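If you use the working numbering, the sequence shown corresponds to residues 193 to 363, in order. All C-beta atoms, glycine included, are put in the ideal place defined by N, C-alpha and C. Note that the structure is a prediction, hence the values are computed from the model and not measured.
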Amino acid sequence: MKNAAALALAAALVLPASATAQDAVVQSLKGLHQITEQYIVATAEMVSEDLYSFQPTEEVRTMGGLLAHIANAQYLFCSAAAGEESPNSANLEETLTTKADIVAGLKEAFAYCQGVYAGMTDAKGAEARNFFGNEMAASGVLAFNSAHNYEHYGNLVTYMRINGITPPSSM
Numbered sequence: 193m194k195n196a197a198a199l200a201l202a203a204a205l206v207l208p209a210s211a212t213a214q215d216a217v218v219q220s221l222k223g224l225h226q227i228t229e230q231y232i233v234a235t236a237e238m239v240s241e242d243l244y245s246f247q248p249t250e251e252v253r254t255m256g257g258l259l260a261h262i263a264n265a266q267y268l269f270c271s272a273a274a275g276e277e278s279p280n281s282a283n284l285e286e287t288l289t290t291k292a293d294i295v296a297g298l299k300e301a302f303a304y305c306q307g308v309y310a311g312m313t314d315a316k317g318a319e320a321r322n323f324f325g326n327e328m329a330a331s332g333v334l335a336f337n338s339a340h341n342y343e344h345y346g347n348l349v350t351y352m353r354i355n356g357i358t359p360p361s362s363m
């Protein structure tokens with residue numbers, strides 16, 4: 193399974209034939225982001241509604257809360273990378289409460305990021321953005337988003353394994 197996941201990752205990071213040399217960095221970042229999107233949305237869709245309230249301990253988010261947090265983050269990171277105000281003004285962890293709402297919210301949030309990637313070039317990716325009070329290249333903000341997605345996908349994998357579910361990345 194690990195070899196299959198590694199091959200899938202390598203295939204996704206290969207530049208599409210239409211990518212130009214100057215957009216190689218953004219195209220690679222987009223491929224990485226698409227993998228995280230695939231795993232997270234698949235997780236949200238495959239787990240049962242009752243597992244959305246599962247939390248291993250009181251100190252951590254529920255599965256549903258974690259998925260809504262990831263949706264929030266898409267708006268935060270991708271709007272920062274784009275240098276624009278976030279189109280999301282709600283705290284999705286508070287407003288999305290059902291599986292259907294959270295899945296829809298995740299898909300909308302990832303669609304927003306897809307739009308940001310569609311308008312991003314390597315030149316735009318090199319532009320400095322204010323990110324949590326620090327200057328960072330827009331492409332660095334996008335990379336941070338994928339790292340954040342993987343961090344929380346790892347939490348979701350643990351939640352699934354505790355409940356006897358094989359995560360999408362291991363299928």
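**Message:** Using 8 Å as the threshold, is the C-beta distance between M328 and R321 below it?
**Reply:** With contacts defined as CB atoms closer than 8 Å, M328 and R321 qualify as a contacting pair.
**Prompt:** Between L268 and the rest of its own chain, which residues show a CB-CB distance below 7 Å, the 5 nearest in sequence each way excluded?
**Reply:** Cβ within range, chain order: S278.
**Request:** Determine the closest residue to F246 out of L284, T290, Q219, with distance taken between C-alpha atoms.
**Result:** Among L284, T290, Q219, the Cα nearest to that of F246 belongs to T290.
**Asked** What residues are listed by DSSP as bridge partners for F323?
**Response** F323 is bridged by DSSP to N326.
**Request:** Enumerate in chain order the residues of its own chain whose CB-to-CB distance from P360 is below 8 Å, with the five nearest sequence positions on each side excluded.
**Result:** Within the same chain, and ignoring the five residues on either side of P360 in sequence, the residues whose Cβ sits closer than 8 Å to its Cβ are Q230, Y231, A234, T235, M238.
**Item:** For L221 and D242, the rounded distance between their alpha carbons
**Value:** If you take the alpha carbons of D242 and L221, they lie about 34 Å apart.
**Prompt:** For F302, does the count of other Cβ atoms within 10 angstroms reach 16, so buried, or fall short, so exposed?
**Reply:** With 16 or more other Cβ atoms inside 10 Å of its own Cβ, F302 counts as buried.
**Request:** Within its chain, find whatever has a CB closer than 8 Å to the CB of G275; leave out the 5 residues flanking it on each side and keep chain order.
**Result:** Counting only Cβ-Cβ distances below 8 Å, and skipping sequence neighbours, we find E319, R321, A330.
**Asked** What number of angstroms, rounded off, separates the C-alpha of T358 from the C-alpha of V308?
**Response** Taking the CA atoms as reference points, T358 sits about 32 Å from V308.
**Request:** Alpha carbon to alpha carbon, how far is N283 from D215? Give it in angstroms, no decimals.
**Result:** If you draw a straight line from the Cα of D215 to the Cα of N283, it is about 33 Å long.
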